[in-house]
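Single-structure report; data block below.
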Amino acid sequence: MLDLFPVRKPSSIRRAPAPTQARSSETLRRTGSKSYQGHRDQLMAVHGPVCAYCGLSFPGEEITLDHVQPRKGKVAYDRADNLVLACKSCNAAKADMPFLGFLLARRARGVFLLHYGEHLSDGIKQTVRGLVEKPL
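The opening residue of the sequence shown carries number 84 in this note's numbering; numbering runs sequentially from there.
Have a look at this one:
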């Protein structure tokens, strides 16, 4: 009789690493301080020291890296497609506020964010476009 469904012994089954284990080292690589500096340097090279929210230029040392979607301890939000350059004033005004609330306070922020945030995730850009394109 043919054994159509052979039973494997536990030692012969190859298990993939748990998802959290597989992501943790990759995430740490992406979110380390060197990575932040790399993201900042790349954005500075493309746009110069310009705030993605107010569109004003600042001396390089006065521009910060901001999470568009606040982190709130979530490592996934540390990706490059959630980071923009921001002046200290806009970064402080935004703090951990939901980004839609921050953009609704001044709709021009959305226009600037679309211009200086072409690298942002499609979800963020789609949300901002919907906000900017709505009639007043």
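Beta carbons: idealized from backbone N, C-alpha and C, even for Gly.
Query, Result
"Reference Glu-145, options Phe-182, Cys-170, Gly-131 and Lys-208, closest by Cα", "Cys-170"
"Short Cβ contact (8 angstroms threshold) for Ala-135 with Leu-196", "yes"
"N- and C-terminal bounds of the beta strand (DSSP E) containing Val-167", "166 to 170"
"Best match in Gly-206, Leu-186, Gly-193 and His-198 for proximity to Asn-165 [C-alpha to C-alpha]", "Gly-206"
"As assigned by DSSP and simplified to three states, the class of Gly-200", "coil"
"Cut-off 6 angstroms between Cβ atoms - residues of its own chain near Ser-107, not counting five sequence neighbours on either side", "Reliability fails at Ser-107, whose pLDDT of 33 lies under 50, so the model's placement of it is uncertain and the value that follows must be treated cautiously. There are no such residues."
"Cα-Cα separation between Gly-143 and Asn-174, rounded to whole angstroms", "15 angstroms"
"Beta-carbon separation (whole angstroms), Phe-182 vs Val-151, contact threshold 8 angstroms", "5 angstroms"
"Check whether Cys-137 and Arg-192 have beta carbons under 8 angstroms apart", "yes"
"Whole-angstrom distance between Glu-216 and His-122, CA atom to CA atom", "29 angstroms"
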